[in-house]
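Below: one structure, written as structure tokens.
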Amino acid sequence: MNKKMKQMDLQAIFILAIIGLIAGWLGGLVGIGGGLIIVPALIYFMGFSQLKAQGTSLALIMFPVGILGVWQYHQKGFVDFSAVIILAVGFILGSFWGSKISLSLPMDTVKKIFAGIMILTACKMLFWDKSGASPTKDQLSTRNK
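Note that the sequence shown covers residues 220 to 364 in this note's numbering.
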């Protein structure tokens with residue numbers, strides 16, 4: 220156990236565990252976690268800076284925390300591994316580029332960009348996303364076999 224972990228009190232450990240549990244649950248439920256759940260939770264409940272929260276969230280997704288969720292979706296036929304590979308390459312490059320830019324900007328600017336993206340995403344989902352592309356019962360039942 221490293222020095223920082225020894226200094227962490229039980230309350231902080233509990234809060235982090237709850238944040239992780241909720242983010243994992245929402246990640247499995249609707250595909251969100253790092254940016255929408257973990258980053259704001261670390262800022263508001265743990266007192267992390269915007270950049271520390273972002274860095275911690277990125278470190279978290281490096282580990283295979285989502286493997287059981289991926290396995291569940293794969294079992295039902297809902298994972299496109301070709302898309303995963305392409306997204307992963309883009310994510311690696313984008314993460315490198317985004318972190319370089321973020322670290323060169325004032326923290327207030329980074330917070331405003333982050334908040335703006337969350338607002339735009341929420342507005343799109345609330346008012347303009349009418350796709351309703353849910354799998355039918357037949358699609359789900361054939362994938363259960």
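Glycine included, each C-beta is placed from N, C-alpha and C at the ideal position.
- CA-CA distance, Leu312 to Phe333, rounds to 19 Å.
- One alpha carbon belongs to Asp299, the other to Lys343, and they sit about 25 Å apart.
- In the structure shown, Ile311 adopts helical secondary structure according to DSSP, grouped into three states.
- In the three-state reduction of the DSSP assignment, Pro325 falls in the coil class, being assigned neither a helical nor a strand state.
- About 11 Å separates the CB atoms of Ile237 and Ile257; that is not less than 8 Å, and the two are not in contact.
- The continuous alpha helix (DSSP H) containing Trp290 extends over residues 286-294.
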